[in-house]
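Structure first, then comments.
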Ligand SMILES: [Mn+2]
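In the numbering used here, the protein residues as written are 182 to 520.
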């Protein structure tokens, strides 16, 4: 567990921003609450602290519905309305650390960037960019952004506080995941003091879902399966189900967490067919199984207890592999193999 915040070279990022005229900020595909919060906070820091006017934000799949209440979210470009790649002094990746994770559509932007910087907390992404500020022990990219803001003594106005609080709240699963450290509460206390409103933010992020999400959740809870030993809760969602329910890929957000309510399970996972015909795996662990390494074996990545992967192989084939690897991991722990 955390032994203290990882030392990140915030001075180098400060220098990079101070010299830059133009900055483009990118997050990962299927942006989540942390990704959007971190991008918007960085935009305000660049505009207010560094007085940069030329700042653009890019999220391949746009802004999820539950983050659209944030002021400024409407100015984030998606793959459809983004300007063509142009020279930019700094390309900043937040909440991800590879060219692949921001989406192939934006690879031209990275090629035209003078420098590439990364602000992230995903262990599997380390090393990319001219400057890489990745703290795998941080709860969220927003936590790293906050520590950066603190290090440069940037003013945290109510909007910035709201962005960062929303991101940290999101990535800690409302302050219950194992990444909910004393540092998280320290930072969130500062953010609330600076104007973030926990009740309002939670209401907007969590109780503002489309009916199609709730229908998909209903389907998921009714159709989840449990392995014989009770330790793996899993769910396959073929595309036909999305079509029947009028659901989109975004409606899948937050579903896997719900399967974890089952008392016995150690690993909960959803394997779904995405709109572009691929298979997406989301995995969560209640604390003993490293799902990050299972997803890495499947070509994906993430964190030790929360990870994902995508594949071009069919749903059933990927599901078979997920279960096989998870069973092997459980067997390695317990010295037994469940059939
Ligand atoms: Mn994150």
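Where is the CB? At the ideal position from N, CA and C, for every residue including glycine.
Annotation for residue 366: no beta strand (DSSP E) segment contains it, though the alpha helix (DSSP H) segment containing it runs 363-374.
Under the Cβ criterion (8 Å, minimum of three pairs), the stretch 294-309 does not count as touching the stretch 246-254. The C-beta of residue 367 has fewer than 16 other C-beta atoms within 10 Å across all chains shown, which makes the residue exposed.
Shown here, residue 405 sits in coil according to DSSP, grouped into three states, outside any helix or strand.
The beta strand (DSSP E) runs lying completely inside the stretch 442-500 and spanning 3 residues or more are 448-454, 460-466 and 487-492, given in chain order. The stretch 415-422 makes no contact with the stretch 193-201: fewer than 3 CB pairs, one atom from each, lie closer than 8 Å.
As the crow flies, the alpha-carbon of residue 378 is around 28 Å from that of residue 187. Contact annotation: residue 330 and residue 210 have beta-carbon atoms that are not nearer than 7 Å. Scanning the stretch 192-275 from its first residue to its last, the whole beta strand (DSSP E) runs of 3-plus residues come out as 203-207, 235-239 and 269-275. Ligand 1 has no heavy atom closer than 6 Å to the beta-carbon of residue 320. Here the stretch 386-396 makes contact with the stretch 429-437; the two share three or more CB pairs at distances below 8 Å.
Annotation for residue 192 indicates a beta carbon at 6 Å or more from all heavy atoms of ligand 1. Within 6 Å of the C-beta of residue 235 there is not a single heavy atom belonging to ligand 1. In the DSSP assignment, residue 412 forms no beta bridge with any residue.
Boundaries for residue 336: no beta strand (DSSP E) harbours it, and the DSSP string shows neither H nor E there.
Separation of the CB atoms of residue 481 and residue 469 is rounded to 20 Å, and the pair is thereby denied contact status at 8 Å.
Taking a cut-off of 8 Å on C-beta distances, the stretch 213-231 does not touch the stretch 439-447, as fewer than three cross pairs fall below it. Judged by DSSP secondary structure, residue 421 falls within the alpha helix (DSSP H) whose first and last residues are 420-426. Taken atom to atom, the span from the alpha-carbon of residue 216 to that of residue 322 is near 7 Å.
Remark: the shortest separation between the CB of residue 432 and any heavy atom of ligand 1 does not fall under 6 Å. Counting only runs of 4+ residues, the alpha helix (DSSP H) found wholly inside the stretch 280-310 occupies 280-283 and 288-292, in chain order. The beta-bridge partner set that DSSP reports for residue 189 is empty. Counting every other CB atom within 10 Å of its CB across the protein chains shown gives residue 214 a total of 16 or more, marking it as buried.
For residue 315, the secondary structure class from DSSP, reduced to helix, strand or coil, is strand. With fewer than 16 other beta carbons inside 10 angstroms of its own, residue 334 counts as exposed.
At a Cβ-Cβ threshold of 7 Å, residue 239 and residue 287 count as neighbours. Taking non-hydrogen atoms of ligand 1 into account, the C-beta of residue 457 is found less than 6 Å away from none of them. If you check the CB distance, residue 372 and residue 342 come in under 7 Å.
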